[in-house]
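Residue numbers (our numbering): 167 to 397.
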C-alpha cells in the first residue's frame, strides 16, 4: 500500500466536512463543496477494498480530525503506524477470499443453468452464442469488439455496448481470460465468458469497480480480426 495515497484519500474526506458535524450529514452546496466531495470520492475509492464498518470509518474520521485540529493522538503512533500496511494487506486478502468463494459458487450455478457451457483446463468458462466465420484470431492478432462486463452480482462495471464505441486492441495485451476466450470464435461471432480471478485481475482487482478476487462475466462480440503485421 502507498501510505501517501491512503492518507490523501482520507484527508480529502475530512476536507469535505464542516467542522463539528457528522460527515455523513454534511450538505454539499457550494462549488467548492462539490469539488472537495468529488476529490474525496475518487481518491477514497481504494478504501472500498477494506470493507470497512461504520465504526471503523468513524475511527478513521476521528483520527483525521484530531490530527487536523492539532489534538494529541489517543494512541501511540509509533506502535500503530507500522501496522497500517499489514492490516491493509490482511483486509484485502479477506475481501478477495470472500469474492473468490462467491465466484466459485457463481460458476457452478452458471454451468448448471447453461449445460452447453464448457470449461477449459485453465478454468475459463465459456458459452458460444454465435460461432462466427472461420477467421479466428491468434493471441498476436488485433481484434475489434463490443463487450459488456458484469460482476457476479449483475452490476455492470464496464461496457463498450453502453458507450456505443467498439474497441480495438492486441489480443495479447488484455486479461488472460480474454486472450484465451476470443480465440474460440471467428469474425462475426459472439461469446459469453465467465472468468475466474486467476485469469482476470487476481487478488488485487481493478479498483474502484472490480474488487480483489472477483469473477467476471463478459459478453463479447467479435467484429474484426487483423493479423499480426509481418516484420
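The beta-carbon is built from N, C-alpha and C at its ideal position, and this holds for glycine as well.
Rounded separation between residue 347 and residue 385 - CA only: Approximately 11 Å, taken between the alpha carbons.
Report the rounded CA-to-CA distance for residue 308 versus residue 289, giving the unit in angstroms. Spanning the alpha carbons of residue 308 and residue 289 requires a straight line of approximately 24 Å.
Going by DSSP in three states, residue 324 sits in which element: helix, strand or coil? Strand, per DSSP.
Pull the bridge partners of residue 291 from the DSSP assignment, please. Answer by DSSP bridge pairing, in chain order: 285 and 360.
Residue 183 classed as buried or exposed, judged by whether at least 16 other C-beta atoms fall within 10 angstroms: Here residue 183 scores only 45 on pLDDT, less than 50, and its place in the model should not be relied on; the value that follows carries that caveat. Buried, because 16 or more other Cβ atoms sit within 10 Å of the Cβ of residue 183.
Mapping DSSP to helix, strand and coil, what is residue 213? In this structure, residue 213 counts as helix in the three-state DSSP scheme.
Tell whether a beta-carbon distance below 7 Å holds between residue 333 and residue 388. No.
Of all the options 318, 285, 293 and 343, which has the alpha carbon lying nearest to the alpha carbon of residue 305? Ranking the options by Cα distance to residue 305, first place goes to 343.
How many angstroms separate the CA atom of residue 111 from the CA atom of residue 378? The structure shown does not extend to residue 111, since the chain is modelled only from 167 to 397, so the question has no answer here.
C-beta atoms of residue 337 and residue 303 nearer than 7 Å: Their beta carbons are under 7 Å apart, which means residue 337 touches residue 303 by this criterion.
Let me know the secondary structure DSSP gives residue 141 once reduced to three states. With the chain represented from 167 up to 397, any question about residue 141 goes unanswered, as that position is not in the structure.
I believe residue 382 touches residue 361 by the beta-carbon criterion, under 8 Å. Please report the beta-carbon distance rounded to the nearest angstrom. Confirmed, Cβ separation roughly 5 Å.
Mind checking which residues open and close the beta strand (DSSP E) that includes residue 351? Counting along the chain, residue 351 falls outside any beta strand (DSSP E), and DSSP gives it neither H nor E.
Measure the C-alpha to C-alpha separation of residue 314 and residue 293 and round it to an integer number of angstroms. About 15 Å.
Determine the contact status of residue 264 and residue 355, defining contact as a CB-CB distance below 7 Å. Going by C-beta atoms, residue 264 is not nearer than 7 Å to residue 355.
Report the CB separation of residue 365 from residue 341 in whole angstroms; it is logged as a contact under 8 Å. Indeed, because the Cβ distance is near 6 Å, the residues count as touching under 8 Å.
Inter-residue spacing [alpha-carbon to alpha-carbon] between residue 226 and residue 330: Each residue's CA atom was taken as its position, placing residue 226 and residue 330 some 41 Å apart.
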